[in-house]
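Okay, structure first, notes after.
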Amino acid sequence: MKGLNVNEHQTNLEQLELLQLVITGAGPLSLGAEIRTFPKQAKKCMDNHLYLAACLCFITGVESGLRYLLNDFDDDGTIAKLSKGNINNFLIRKVGELGVDITVLKLVGNDYFDLHCNDAIEFDKNINDATGKKLNSNDKPVGIVKLRNDLCHGNLEFAHKFHFHDDSSGRSSAKTIEMQSLEAMANLLNNISDAFISEIEKLRRPDYF
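For reference, each letter of the sequence shown is one residue, going 1062 to 1270 in the working numbering.
Given below as structure tokens:
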């Protein structure tokens, strides 16, 4: 039967009915709507100053986009399900081999990630050196991969702010999360997400995405 496309212009009831067909195995599902939903939700989070949630949504959208591109598509542009795998250097490399400009995924402009990943200079090398789904001891994750891993493991070191108190004898220190850093990261990911979706649109016909 013809593939089923779920998009933002359909009513919730229409989407539910189509998704039920997919769940029961009656038809495949085009995942274009899902890829667009994550950044749309992220932008809503930003409007409400929920910057951590926005970062997670943007990252998930990019990851689903990478997996979407690595599927075999039916003639009508649909796929049965996403390919497996978390975002990593090798996954990004495989998408780049399809002709996608993966340089739009460079995470540049954040002091922490510029120091630890240096995508501005080392992105291409780190991607080209990736030889498998798991990192080897010498592999270095690119910025967006490290950010995904950090966020999913509860590490917000890039947003840490340290406070010190001296008073000669009584030394103390405290650590807080700086909302401005989270906001800046959300804005950076917003730009990356928009650019990556544009790349997907170049490869996949708009009717199918």
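The beta-carbon is built from N, C-alpha and C at its ideal position, and this holds for glycine as well.
Please report the straight-line C-alpha distance between residue i and residue j, rounded to a whole angstrom.
| i | j | result |
| --- | --- | --- |
| K1145 | C1178 | 25 Å |
| E1260 | D1162 | 7 Å |
| K1222 | E1244 | 14 Å |
| I1120 | Q1102 | 12 Å |
| L1212 | I1182 | 23 Å |
| T1192 | A1220 | 31 Å |
| V1165 | L1176 | 19 Å |
| L1249 | Y1112 | 11 Å |
| V1206 | M1246 | 14 Å |
| N1171 | N1109 | 22 Å |
| M1240 | N1132 | 37 Å |
Run through the DSSP bridge pairs and tell me what residue i is partnered with.
| i | result |
| --- | --- |
| F1223 | K1236 |
For residue i, collect the residues of the same chain with a Cβ closer than 8 Å to its Cβ; drop the 5 residues on either side in sequence, then sort them by chain order.
| i | result |
| --- | --- |
| P1202 | N1149, N1150, C1178, N1187, L1196 and N1210 |
| K1104 | A1115 and N1251 |
| P1100 | C1118, F1119, G1122, N1251, S1254, D1255 and I1258 |
Leaving out five residues before and five after residue i in sequence, what residues of the same chain have Cβ atoms less than 7 Å from its Cβ?
| i | result |
| --- | --- |
| L1127 | I1148, L1152, I1153 and V1156 |
| D1190 | D1200 |
| L1159 | L1130 and L1264 |
| G1215 | none |
| S1242 | F1219 and A1220 |
Excluding the 5 residues flanking residue i on each side, which residues of the same chain have their C-beta closer than 6 Å to its C-beta?
| i | result |
| --- | --- |
| F1174 | L1168 and G1204 |
| L1217 | I1238 |
| F1184 | K1167 and V1203 |
Could you check if residue i is buried or exposed, using at least 16 other CB atoms within 10 Å of its CB as the buried criterion?
| i | result |
| --- | --- |
| T1237 | exposed |
| D1180 | buried |
| E1262 | exposed |
| M1107 | buried |
Would you verify that the beta carbon of residue i is, or is not, closer than 8 Å to some beta carbon of chain D?
| i | result |
| --- | --- |
| V1203 | Looking for chain D here will not work: only one protein chain is present. |
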